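Chains as they are written, first to last, in our numbering: chain A, 1 to 327; chain B, 1001 to 1343. Note that beta-carbon positions come from the ideal geometry of N, C-alpha and C, so glycine has one too. Note that the structure is a prediction, hence the values are computed from the model and not measured.
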Amino acid sequence: MKLALPRRGLAQILALIAILLIDRLVSPQFFDLRLQDGRLFGSLVDVLNRGAPVALLSLGMVLVIATRGIDLSVGAVMAISGAIAASLADSCPWPVAVAAALGAGLACGLWNGILVAVLGIQPIVATLILMVAGRGVAQLITAGRIVTFTSPDLVWFGTGAVLGIPAPVVIVAVMLLITGVVVRGSALGLLIEATGGNARASELSGVGTHLTIVAVYMWCSLCAALAGIIAAADIMGADANNAGLWLELDAILAVVIGGTSLFGGRFSLVLAVCGALIIQAMNTGILLSGYPPEFNLVVKAAVVLIVLLLQSPALANITTAVRKARA
Amino acid sequence: MNRLLSPVMITALVFVAGFAICAAQFPNFASTRVVANLLTDNAFLGVVAIGMTFVIISGGIDLSVGSVIAFATVFIALTTERLGLPPTAAFALLLLLCAGFGAAMGAVIHVFDMPPFIVTLAGMFVVRGTSFLMSTESTPINAPLYSTVSDFGLALPGGGRLSAIALIMLSVVAAGSILLHFTRFGTNVYALGGNRTASALMGVPIGAMTVRIYMLSSVLAGLAGIVFSFYTAAGYSLAAVGVELDTIAAVVIGGTLLTGGQGSVIGTFIGVLIQGLIQTYINFDGTLSSWWTKIATGILLFAFIALQQGMVRLASRSRPRNVGVASGGGVSPSVISQGGVSP
């Protein structure tokens, strides 16, 4: 495992570096950093900062996908938690608002997890329910308006800084560290991979697959709730209609780019976050280059297709056949 | 046959009960006018949902349909208004493009053995991005054909007017029913969703079927786009965002099993009507806000999925695991084996 890791991640890291270099060609000031008001500014920081919500989502999503699941509801959960945090921000102290938003996220995850693990519903379908209904719930909370707030404590989550580094970036780093320690520091990661590899065999060999799956969905929704708070804090308001819209797709894309198979099994947290940064670096690059942002979707689609083609079992069969023919 | 009908019966009962509740609450509800509007307002959803039914029964999913609808409206608006093409030529070109797009998705899914979910997701990005690149603003369509179509209406007793797009939807439902339930193509669709390996061994051309099924779905999504453009008389690249979810919800509420192998066109049709009914109820009520549509759809979706799950489990318990071959068109054994195998 230790030996395999660097080789596994090489493609993603090279891709990220390549995209950053292209961005540098497009905009000569891309690597410039400056310190202003005790906070770092620059395009590179911007990539990290803007990419934070998707990076958080992909951190949770990668675990779900490793159990051979998928969570389509993360965008809706972002909208719900943002709505709760924004509605409570000016009337309660910030820890209450944040705790309520995160609690709602955990409840959403519990619901998803029970549907998948206990009722045995296909993950796509189970999380589709919350994806459809969740945005409605978020609109219910905000009464269909865009709720704005001014509480400086909550705004810190979007625009604050720790030692000059933007708060969202710090939050992602901390979450990555916590997830990494919990998952890789214990047997949990192995249990997750076992569940995704073969749920029935794992169950028979004593892995508590049901509990693992519920825990994973709860963690995923917690990450989504945190992303929702960041997104709300960033614009100092909660827009139930648009917060986190289509971000579930970006998160899945990030995980896939990070080399985790949609068929479950082995996963890498760092590479998933790297995938999120690749997506954001592409977005920023397209914006800086002056091309219409509409190009984004097309470029993203091309990247998904290429990555998937490289991963596809059929292609692997063809290449091994070619190698055999040569030998 | 009993198995095939029972989920549809439940869906139909829900619709009738829902309609009865609405009619009891609002005296003007039970009129042909409301029914005709229900059909007109949901015509595009009905057309696209029929295509989705085929895809889901075959065990796949198509997330690209919403963006294909948007692409269709933009394509028609630009070709008729800017290039001066007659609308019929634009329609023909559009459906050809859609067929090619669907076939390409089906081919990628089959040849590279990739999950339909992610391939059609990429398709969704491509098509939505392409329509953004074509135009980001709403373009009105002024072709004379459009006013003719919108003026057309079959008068119903009681003041209702069956519009042209409602008629298009009804004919798609009829054609879809025949195609799914009375042709070899339809039988193959069920077989594919029931058990891919078994149907390959029985001689179902898996590759050709996959390509054709996604082709059908995209063509119907293109047709839904035409219907949508009749409905709004404009082309807009942000139109029909999220329609893929409404469509999947309608198909599931219509009693189609999301794991494939079981379902019907008529069930989907009623599923679409139920969604329309929720919307109409909210419009009639006036005090409920629009987001209740989403919540109600979510609750219904959950209820029907839980029901399906219960039925699949019941089926796998009440019968021995390895049931023999073909009874009832290869539908029942596959469902049982799936209930047994899937985690």
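Inset, instruction - Using a cut-off of 7 Å between C-beta atoms, extract the partners of Ala1306(B) located in chain A. - result: When 7 Å is used as the limit between beta carbons, Ala1306(B) is near these residues of chain A: Leu119, in chain order.
Inset, instruction - Apply the 10 Å Cβ neighbour rule to Ile318(A) and answer buried if 16 or more other Cβ atoms are within range, or exposed otherwise. - result: Around the CB of Ile318(A), fewer than 16 other CB atoms lie within 10 Å, so the residue is classed as exposed.
Legend entry - Straight-line gap, Leu1045(B) to Arg1161(B) (C-alpha atoms, nearest Å): Cα atoms of Leu1045(B) and Arg1161(B): separation of roughly 19 Å, rounded to the nearest angstrom.
Legend entry - the region 1144-1158 of chain B in contact with the region 1238-1247 of chain B per 3-pair CB rule at 8 Å: Output reads no: the region 1238-1247 of chain B does not touch the region 1144-1158 of chain B.
Inset, instruction - Return the CA-CA distance between Gly1297(B) and Ile1282(B), expressed in angstroms with no decimal places. - result: According to the sequence displayed, residue 1297(B) carries Thr and not Gly. Approximately 12 Å between the Cα atoms of the pair.
Inset, instruction - Please classify Val1065(B): is it buried, with 16 or more other beta-carbons within 10 angstroms of its beta-carbon, or exposed? - result: Only buried fits Val1065(B), as 16 or more other CB atoms lie within 10 angstroms of its CB.
Inset, instruction - Rounded to whole angstroms, what's the CA-CA distance from Leu297(A) to Gln1309(B)? Just pull it up for me. - result: If you take the alpha carbons of Leu297(A) and Gln1309(B), they lie about 36 Å apart.
Legend entry - Inside the region 1209-1240 of chain B only - alpha helix (DSSP H) runs reaching at least 4 residues: Secondary structure remark: continuous alpha helix (DSSP H) runs of at least 4 residues inside the region 1209-1240 of chain B: none found.
Inset, instruction - Report buried or exposed for Asp250(A), applying the criterion of at least 16 other Cβ atoms within 10 angstroms of its Cβ. - result: For Asp250(A), the number of other beta carbons within 10 angstroms of its own is at least 16, and it is reported as buried.
Inset, instruction - Below 9 Å between beta carbons is the criterion; list the residues of the region 1285-1305 of chain B that meet it against any residue of chain A, in chain order. - result: Within the region 1285-1305 of chain B, those residues whose Cβ lies closer than 9 Å to any Cβ of chain A are, in chain order, Ser1289, Ser1290, Trp1291, Trp1292, Thr1293, Lys1294, Ile1295, Ala1296, Thr1297, Gly1298, Ile1299, Leu1301, Phe1302, Ile1305.
Inset, instruction - Note down the Cα distance separating Leu1094(B) from Thr1187(B), rounded to an integer number of angstroms. - result: Those two C-alpha atoms are separated by around 29 Å.
Legend entry - DSSP three-state assignment for Thr67(A), whether helix, strand or coil: In the structure shown, Thr67(A) sits in coil (DSSP, three-state: anything other than H, G, I, E or B).
Legend entry - Per-residue burial, Asn112(A) [other beta carbons within 10 Å of its own, 16 or more giving buried]: With 16 or more other Cβ atoms within 10 Å, it is buried.
Legend entry - Three CB pairs or more closer than 8 Å across the region 40-58 of chain A and the region 182-191 of chain A: Under the 8 Å Cβ criterion, the region 40-58 of chain A does not count as touching the region 182-191 of chain A, having fewer than three qualifying pairs.
Inset, instruction - Show which residues of chain A have a CB atom less than 7 Å away from the CB atom of Pro1115(B). - result: Those are Leu262, listed as they occur along chain A.
Inset, instruction - State the start and end residues of the unbroken alpha helix (DSSP H) segment that holds Phe1071(B). - result: Judged by DSSP secondary structure, Phe1071(B) falls within the alpha helix (DSSP H) whose first and last residues are 1065-1081.
Legend entry - chain B contact for Leu297(A) (CB, 9 Å cutoff): With respect to chain B, the C-beta atom of Leu297(A) has a partner C-beta closer than 9 Å.
Legend entry - CB contact check: Leu308(A) to chain B, cutoff 9 Å: With 9 Å as the cut-off, Leu308(A) counts as an interface residue toward chain B.
Legend entry - Thr1183(B) burial status per 10 Å Cβ neighbour count (16 or more: buried): Thr1183(B) should be labelled exposed.
Legend entry - Distance between beta carbons of Val47(A) and Leu287(A), contact taken as under 8 Å: Contact between Leu287(A) and Val47(A) fails: their C-beta atoms lie close to 11 Å from each other, not under 8 Å.
Inset, instruction - Just the C-alpha distance for Phe1132(B) and His1110(B), rounded to the nearest angstrom, thanks. - result: Cα-Cα distance, rounded: 29 Å.
Inset, instruction - Would you give the residue range spanned by the alpha helix (DSSP H) that Ala117(A) belongs to? - result: Careful: Ala117(A) lies outside any alpha helix (DSSP H) and carries neither H nor E.
Legend entry - the region 1264-1279 of chain B touching the region 1048-1062 of chain B, judged by at least three CB pairs closer than 8 Å: Enough Cβ pairs lie closer than 8 Å, so yes.
Legend entry - Against chain A: residues of the region 1221-1251 of chain B by CB proximity under 7 Å: The region 1221-1251 of chain B vs chain A, Cβ under 7 Å: Leu1245, Ile1248, Ala1249.
Inset, instruction - With 9 Å as the threshold, decide whether the Cβ of Ala1122(B) is near any Cβ in chain A. - result: A Cβ of chain A is located within less than 9 Å of the beta carbon of Ala1122(B).
Inset, instruction - Find the residues of chain B that neighbour Val255(A), judging by a C-beta separation of less than 7 Å, and give them in chain order. - result: The contacting residues do not exist; Val255(A) stays about 11 Å from chain B at best.
Inset, instruction - Ignore the nearest five residues each way along the sequence and tell me which others in Leu1216(B)'s own chain have a CB closer than 6 Å to its CB. - result: Excluding sequence neighbours, Leu1216(B) sits near Gly1051, Phe1054.
Legend entry - Trp1292(B) versus Phe41(A) - alpha carbon distance: The alpha-carbon of Trp1292(B) is positioned some 43 Å away from that of Phe41(A).
Legend entry - Through-space distance from Leu20(A) to Gln29(A), alpha-carbon basis: Here the C-alpha atom of Gln29(A) lies approximately 12 Å from the C-alpha atom of Leu20(A).
Inset, instruction - Name, going along the chain, the residues of the region 1068-1098 of chain B whose beta-carbon falls closer than 8 Å to a beta-carbon of chain A. - result: Within the region 1068-1098 of chain B, no residue qualifies.
Legend entry - CA-to-CA distance, Ala15(A) to Phe1101(B), given in whole angstroms: Spanning the two alpha carbons is a distance of roughly 29 Å.
Legend entry - Proximal chain B residues relative to Val137(A), where beta-carbon distance stays under 7 Å: Result: Ile1295.
Inset, instruction - Grab the span of the beta strand (DSSP E) containing Gly1263(B) for me, first residue to last. - result: Run containing Gly1263(B): none; DSSP gives neither H nor E here.
Inset, instruction - Just the C-alpha distance for Ile1010(B) and Ala272(A), rounded to the nearest angstrom, thanks. - result: Cα atoms of Ile1010(B) and Ala272(A): separation of roughly 43 Å, rounded to the nearest angstrom.
Legend entry - Spatially closest choice to Gly51(A) from Gln280(A), Leu25(A), Gly285(A), by CA coordinates: Closest by alpha carbon: Gln280(A).
Legend entry - Per DSSP, cross-strand counterpart(s) of Phe41(A): According to DSSP, Phe41(A) bridges with Arg34(A).
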